[in-house]
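Position one of the sequence shown corresponds to residue 204 (my numbering), numbered consecutively onward.
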Amino acid sequence: MTATLAPLGWLVVVVLFGSVVPVVPTGAAVSGAAALAAHQHPLTVLLVVAAGALGAYVGDLATYVVLGWGGERIARRLHWLREPQRFERMSARVREGRVSMLLVSRLIPGGRVPVLLAGAVAGLTWRRFAVANAPASVTWSVLYAAIGVVGRAVFPEPWQSVLAAIALVLLVSQGLGWWSRRRTAPVRPPATP
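See below:
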């Protein structure tokens, strides 16, 4: 049992760190851990889900606190307030549909920090954020663990399923990021001769 808990502790740390410093592919970490857990003992996948959700939740809380302190100043520095209508629409969406917006922001690469910042600037209290973020973190962890379990079902060797889960997560993340950038790209008027 101790052999199982040590890697789960590291998973919490990796996901927490990746939630605060969004350069670590946290979804890939959860998927890979779930694929490996499914090969060793299928019930430990539930522990992977719990570890991933805990790391994501605590990391999001820490990020939200930092963004709450810096709020508008950070938004101005990152030039997100150059388009105040767009930022206000995002803030309104966070106020209206907290859980769904938080979940969607976790699934789109680069989407989580702007949504957390919009919530902080919009005045969403830390307590309300903490309540709304819990189901979003659990759902995110379940989704990425499911990708790992699917990798386990397709590939017979643990290393193959871990590699496949990580590759699938990175592929889906890049695809969603590309789609998001394409949807928000400004429309250029046709050139006149």
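Glycine included, every Cβ here is placed at the ideal spot set by N, Cα and C.
- The beta carbon of Ala259 lies closer than 8 Å to those of Val218, Leu219, Ser222, Thr229, Arg309, Ser340, Trp343 and Ser344 in the same chain, with the five residues before and after it left out.
- The three-state secondary structure of Glu291, taken from DSSP, is helix.
- Under the three-state reduction of DSSP, Leu327 is assigned to coil, being neither helix nor strand.
- The C-beta separation of Ala241 from Val352 comes to about 5 Å, placing the pair in contact by the 8 Å criterion.
- Counting along the chain, His242 sits inside the alpha helix (DSSP H) bounded by residues Thr229 to Gln243.
- The C-beta distance from Leu270 to Leu306 rounds to 18 Å, too long to meet the 8 Å contact threshold.
- A straight line joining the alpha-carbon of Gln243 with that of Pro359 spans about 12 Å.
- Within the same chain, and ignoring the five residues on either side of Arg296 in sequence, the residues whose Cβ sits closer than 7 Å to its Cβ are Met304.
- Judged by their CB atoms, Gly255 and Val233 are nearer to each other than the 8 Å cut-off.
- Selection Thr247, Leu264 and Leu239 evaluated against Gly322 yields Leu264 as nearest (Cα-Cα).
- Distance from the CA atom of Gly262 to the CA atom of Val357, rounded to whole angstroms, is 32 Å.
- Residue state for Gly255 is assigned as helix, using DSSP reduced to three classes.
- The residues Ala238, Ala241, His242 and Ser364, in chain order, have a CB closer than 7 Å to that of Arg355 in the same chain once the five nearest residues on each side in sequence are set aside.
- Looking at the backbone, the Cα of Ala367 and that of Asn336 are separated by about 29 Å.
- The Cβ atoms of Trp329 and Tyr267 lie closer than 8 Å to each other.
- Val334 counts as exposed, since fewer than 16 other C-beta atoms from the protein chains shown sit within 10 angstroms of its C-beta.
- Burial is judged here by how many other beta carbons sit within 10 angstroms of a residue's own beta carbon; Val324 has at least 16 and is buried.
- Separation of the CB atoms of Ala348 and Val251 is rounded to 5 Å, and the pair is thereby assigned contact status at 8 Å.
- If you draw a straight line from the Cα of Thr247 to the Cα of Glu291, it comes to about 42 Å.
- Short of 6 Å from the beta carbon of Leu211, and not among the five residues preceding or following it, lie these beta carbons of its own chain, in chain order: Leu250 and Ala254.
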